[in-house]
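Written out as structure tokens, the structure is:
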């Protein structure tokens, strides 16, 4: 069993490299084909600044500002609109667009192999430094939310499966439907209005992960302050994230409970609790465990974006959104690389979690 596990791990780790390259290549092609880029964005900003200056100096009645084209002209080149070609070439060199796309992609892969993601176009800081600065916020949200979602959803799903059709099942299903139907950011807005000084009570803070004086507080108060700031964002994320997992757990357990081996075990005199947790649990939990990487990565990198904005939490989701808006390619591709690599490694970890849940899984057969 040990050799099979090692062989399977080596095979999966080797597959990470081509998968990662393929994902980066697809996204690189899409970004290259998309209209607008850092050079075009910078030129637009320069035109806007020059147009405002021209309007202040010469008035606005001529129609000849940088943002307007004189009537009757058909020139469309960027240089003819007031931007010197030499400046455009300098911008292209500054942003690395003076080389062919294949050369840029290969250079990016070589740098990314040693976790050199370059420097942000607009923040003038190394991308890795930016990511490390934002990581604590996103990890706090993703880790605690995933943990709470699983701690709530699995027991609730099991209870609903055991009491299928009862009043408990009906009433909890109503709550699950509400949680599934309403987006997390709407819950977040409601929590802000109710408890963060919106219109009713000001119980929880609305900005940041910790207070300004957090560094000088004794450690028990640091812990309390940390969770005091996390309370509302976590509630919003958990309410919107637990519904699907509850139903998945319930349906998985119901399917196993209705199988023949459960009836056979009961006929042998085993207690209901022993049948449930000794036989049904490890079979039903496989599909629940399989969804863990996707749930964690989704909450960590995408699900928390609007929550970060609403509660002014400066995390990876907000960083990625601002990078996309500003066409900050080093940040975009750097964060994509980290997200993808983490997701692939978590998928491998999931396979080994299968073995912990059900040791009957044979890696030798999976190898074949």
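In my numbering, the protein residues as written are 43 to 410. Glycine included, C-beta positions come from ideal geometry on N, C-alpha and C.
Original post:
Are the beta-carbon atoms belonging to residue 257 and residue 247 less than 9 angstroms from one another?
Top reply: With contacts defined by Cβ atoms closer than 9 angstroms, residue 257 and residue 247 do not form a contacting pair.
**OP:** Using a threshold of 9 angstroms, state whether the C-beta atoms of residue 66 and residue 174 are closer than that.
**Re:** Not a contact, by the Cβ cut-off of 9 angstroms.
Original post:
Sorted by chain position, which residues of the same chain lie with C-beta nearer than 6 angstroms to residue 163's C-beta, five sequence neighbours on each side aside?
Top reply: Closer than 6 angstroms at the Cβ level, and outside the excluded window around residue 163, lie 80, 370.
Original post:
So what does DSSP say about residue 76, is it helix, strand or coil?
Top reply: Here DSSP, grouped into helix, strand and coil, assigns residue 76 to coil.
Original post:
Along the chain, which unbroken stretches of the alpha helix (DSSP H) at least 4 residues long are found entirely within the segment 322–398?
Top reply: Segments of the alpha helix (DSSP H) lying fully in the segment 322–398: 323–332, 334–340, 347–352, 358–367.
Subject >> Own chain partners of residue 373 with C-beta closer than 6 angstroms, once the 5 adjacent residues on each side are dropped >> reply: 162, 169, 365.
Subject >> At least 3 beta-carbon pairs within less than 8 angstroms: the segment 290–307 vs the segment 201–221 >> reply: Result yes; three or more Cβ-Cβ pairs closer than 8 angstroms.
Original post:
What residue ranges within the segment 131–184 form continuous alpha helix (DSSP H) runs of no fewer than 4 residues, ordered along the chain?
Top reply: Correct list: 143–155.
Subject >> Whole-angstrom distance between residue 166 and residue 325, CA atom to CA atom >> reply: CA-CA distance, residue 325 to residue 166, rounds to 51 angstroms.
**OP:** Could you name the residues that DSSP lists as bridge partners for residue 223?
**Re:** DSSP lists no partner for residue 223.
Original post:
Starting from residue 271 and walking both ways along the alpha helix (DSSP H), at which residues does that stretch end?
Top reply: Residue 271 -> alpha helix (DSSP H) spans 261–299.
Original post:
Can you give the Cα-Cα distance for residue 259 and residue 266, rounded to whole angstroms?
Top reply: Per the coordinates, the alpha-carbon of residue 259 lies some 10 angstroms from the alpha-carbon of residue 266.
Original post:
From what residue to what residue does the alpha helix (DSSP H) around residue 238 run?
Top reply: Segment: none, residue 238 is in no alpha helix (DSSP H) and carries neither H nor E.
Subject >> Own chain partners of residue 377 with C-beta closer than 6 angstroms, once the 5 adjacent residues on each side are dropped >> reply: Cβ within range, chain order: 362.
Original post:
Going along the chain, which residues of its own chain have a beta-carbon closer than 6 angstroms to the beta-carbon of residue 190, five neighbours each way excluded?
Top reply: Taking C-beta separations shorter than 6 angstroms and ignoring five residues to either side along the sequence, the partners of residue 190 in its chain run 280, following chain order.
Original post:
Roughly how many whole angstroms lie between the Cα atoms of residue 314 and residue 154?
Top reply: Those two C-alpha atoms are separated by around 54 angstroms.
Subject >> Distance between beta carbons of residue 179 and residue 356, contact taken as under 8 angstroms >> reply: Going by Cβ atoms, the distance from residue 356 to residue 179 rounds to 6 angstroms, so yes, they are a contact pair.
**OP:** Identify, in the order they occur along the chain, each residue of the same chain with its Cβ nearer than 8 angstroms to the Cβ of residue 303, setting aside the five sequence neighbours on each side.
**Re:** Apart from the 5 residues on each side of it in sequence, residue 303 sits with its Cβ closer than 8 angstroms to the Cβ of 321 in its chain, given in chain order.
**OP:** Identify whether residue 119 lies in helix, strand or coil by the three-state DSSP scheme.
**Re:** Any reading at residue 119 is ruled out, since the residue's pLDDT is 42, under 50, leaving its predicted position unreliable.
Original post:
Can you list, in chain order, the residues of its chain whose CB lies under 7 angstroms from that of residue 177, leaving out five sequence neighbours each side?
Top reply: Correct list, in chain order: 358.
Original post:
Considering only residues of the same chain and omitting the five flanking positions on each side of residue 308, which have a CB-CB separation below 7 angstroms?
Top reply: For residue 308, the CB contacts under 7 angstroms within the same chain, skipping 5 residues up- and downstream, are 317 in chain order.
Subject >> Delimiting residues of the alpha helix (DSSP H) encompassing residue 313 >> reply: Following the DSSP letters along the chain, one finds residue 313 in no alpha helix (DSSP H), marked with neither H nor E.
Subject >> Alpha-carbon to alpha-carbon, residue 389 and residue 383 >> reply: Answer to the nearest angstrom: the Cα atoms are 10 angstroms apart.
**OP:** Could you please give the first and the last residue of the uninterrupted alpha helix (DSSP H) stretch that includes residue 249?
**Re:** Element bounds for residue 249: n/a, residue is neither H nor E.
Original post:
From what residue to what residue does the alpha helix (DSSP H) around residue 308 run?
Top reply: 302–309 is the span of the alpha helix (DSSP H), which, as asked, contains residue 308.
Original post:
How many angstroms separate the CA atom of residue 227 from the CA atom of residue 63?
Top reply: Roughly 34 angstroms separates the two Cα atoms.
Subject >> Same chain, Cβ closer than 7 angstroms to residue 380, neighbours up to 5 away in sequence not counted >> reply: Counting only Cβ-Cβ distances below 7 angstroms, and skipping sequence neighbours, we find 173.
Original post:
Does the beta-carbon distance from residue 73 to residue 375 come in below 9 angstroms?
Top reply: Contact: yes.
**OP:** Whole angstroms is fine: what's the gap from residue 111's alpha carbon to residue 86's?
**Re:** Residue placement at residue 111 cannot be trusted, given a pLDDT of 37 that sits under 50; the coordinates are not used to answer.
Subject >> Residue of 141, 250, 196, 146 minimising C-alpha distance to residue 271 >> reply: Comparing Cα-Cα distances from residue 271 to each of 141, 250, 196, 146, the minimum goes to 250.
**OP:** My understanding is that residue 306 touches residue 330, with C-beta atoms under 8 angstroms, so please give their C-beta distance in whole angstroms.
**Re:** Actually they are not in contact, since the Cβ atoms of residue 306 and residue 330 sit about 24 angstroms apart, beyond 8 angstroms.
Original post:
Rounded to whole angstroms, how far is the Cβ of residue 277 from the Cβ of residue 233, which I believe are closer than 8 angstroms?
Top reply: A Cβ-Cβ distance of about 6 angstroms is found for the pair residue 277 and residue 233, placing them in contact under the 8 angstroms criterion.
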